[in-house]
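In what follows, a structure is listed as structure tokens, so that the remarks can point back to it.
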Amino acid sequence: TVDSYPPFAVLTTPLGHAAPSPFPQPPVLLPLLPRYSRAEESSSSPVDLPRARPLLAAMAPRVPSSSLLLVGAALLLGLAAGAARASNEEGDALYALRMRLSDPNGVLQSWDPTLVNPCTWFHVTCDTASRVVRLDLGNSNVSGSIGPELSRLVNLQYLELYRNNLNGEIPKELGKLKNLISLDLYANKLTGRIPKSLSKLGSLRFMRLNNNKLAGSIPRELAKLSNLKVIDLSNNDLCGTIPVDGPFSSFPLRSFENNSRLNGPELQGLVSYDFGC
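Residue numbering for the sequence shown follows the working numbering, starting at 2 and increasing by one per position.
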């Protein structure tokens, strides 16, 4: 019977044609096609995008979540390794300073070279990226010299070594500290000349070198420090004249007092800046 077949359409003999044969004819079966609305039939789009999306998504290449985790972990490890290298270099520079200094009060006991990150050391301040931005050993009763190794603290903003017993010269390498804002070396026993290289510290706002034994003339190059707000060179053994260009035009004379061989503001064109040296 027809009922024994799958759902198919049965084509019977149309009215008006010849009578059917006395022998039963098998029905002609055609598969039933899906029905579409007139709107769907008239659509010019060859692909039904809403229905095709699941298929397209299944065909799209999939990146395993484990691969994404590995990529993220590699990036984090790379960043951590970069920070560790910077910390190691800065730690080496600070430990080199410690080896130069005598520390009767033990203020540098925490400066342990076996610790990778110097940000855990006392008197050292770091930023959120674990870079050393401040060294504060003011009034610590340490003695010795300042080495050129400090120039490796390229992110340093504040160098506070005031009121100690430091001797020797100010390293010219400090001129490499491009981010330095404050240089406080006052009340020590520093000798020699003020390095001309300090004129490269474009971010510097405070320079206090007073109460030392510095000699020679005030470098004219320091007039290039357009951000300099405070300078104190008093109580040294400086000679020559005081610059009048740039920020020096606004510094009070007390910033230069008690330098017995300093001859006052420079008279440009009349007196050499190193007159009396």
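We put the CB at the ideal spot given by N, CA and C, even for glycine.
The structure presented is a predicted model; accordingly, all values stated were derived computationally and were not measured.
Proximity winner among the options, relative to residue i (alpha-carbon distances)
i, options, result
"isoleucine 232", "Gly241, Arg262, Pro253", "Pro253"
"leucine 116", "Asn89, Ala94, Val125", "Asn89"
"leucine 226", "Leu263, Asn260, Asn180", "Asn180"
"leucine 210", "Thr192, Pro105, Trp122", "Thr192"
"leucine 167", "Leu154, Asn140, Leu178", "Asn140"
"serine 251", "Asn236, Asn228, Lys197, Asn259", "Asn228"
"leucine 186", "Ile171, Cys278, Arg132, Arg255", "Ile171"
"alanine 216", "Lys190, Phe123, Asn106, Leu202", "Lys190"
"arginine 153", "Glu222, Gly107, Pro105, Glu174", "Glu174"
"phenylalanine 257", "Leu234, Cys240, Phe249", "Leu234"
"proline 114", "Trp122, Leu202, Gly107", "Trp122"
"glycine 247", "Leu263, Lys230, Arg262", "Lys230"
"glutamate 91", "Gly107, Pro105, Trp112, Val108", "Trp112"
"asparagine 278", "Pro220, Asn142, Phe249", "Position check: residue 278 holds cysteine in this sequence, whereas asparagine was assumed. The shortest Cα separation from cysteine 278 among Pro220, Asn142, Phe249 belongs to Pro220."
"asparagine 236", "Leu184, Asn264, Lys214", "Lys214"
"serine 218", "Leu202, Asn264, Leu184, Gly203", "Asn264"
"proline 105", "Val143, Asp93, Arg132, Ala130", "Val143"
Own chain partners of residue i with C-beta closer than 6 Å, once the 5 adjacent residues on each side are dropped
i, result
"glycine 145", "Arg101, Leu102, Ser103"
"proline 266", "Ile243, Val245"
"lysine 177", "Ser152"
"histidine 124", "Asp137, Leu138"
"valine 108", "Ser141"
"leucine 162", "Leu138, Leu186"
"leucine 202", "Leu181"
One or two residues paired with residue i in a DSSP bridge
i, result
"phenylalanine 249", "DSSP output for phenylalanine 249 lists no bridge partner at all."
"alanine 216", "Asp238"
"glutamate 161", "Asp137, Asp185"
"valine 231", "Phe207"
"arginine 262", "Cys240"
"threonine 121", "None, per the DSSP bridge assignment."
"asparagine 168", "Ser146, Lys190"
"cysteine 127", "Val133"
"serine 103", "Ser144"
Neighbourhood of residue i by C-beta, 8 Å cutoff - its chain only, sequence neighbours within 5 removed
i, result
"aspartate 128", "Val134, Asn156"
"leucine 184", "Leu160, Leu175, Leu199, Leu202, Leu205, Phe207, Met208, Arg209, Leu210"
Proximity of residue i and residue j at Cβ, strictly below 8 Å
i, j, result
"arginine 164", "alanine 188", "yes"
"isoleucine 182", "tyrosine 159", "yes"
"leucine 98", "glycine 169", "no"
"leucine 223", "serine 200", "yes"
Rounded distance between the beta-carbons of residue j and residue i, thought under 8 Å
i, j, result
"alanine 119", "leucine 95", "Residue identity check: residue 119 is proline in the sequence provided, not alanine. With 8 Å as the limit, proline 119 and leucine 95 qualify as a contact, their Cβ atoms being about 5 Å apart."
"aspartate 238", "asparagine 260", "7 Å"
"cysteine 240", "arginine 262", "4 Å"
Neighbourhood of residue i by C-beta distance below 7 Å, restricted to the same chain and skipping five residues each side
i, result
"aspartate 93", "none"
"phenylalanine 249", "Ala224, Ile243"
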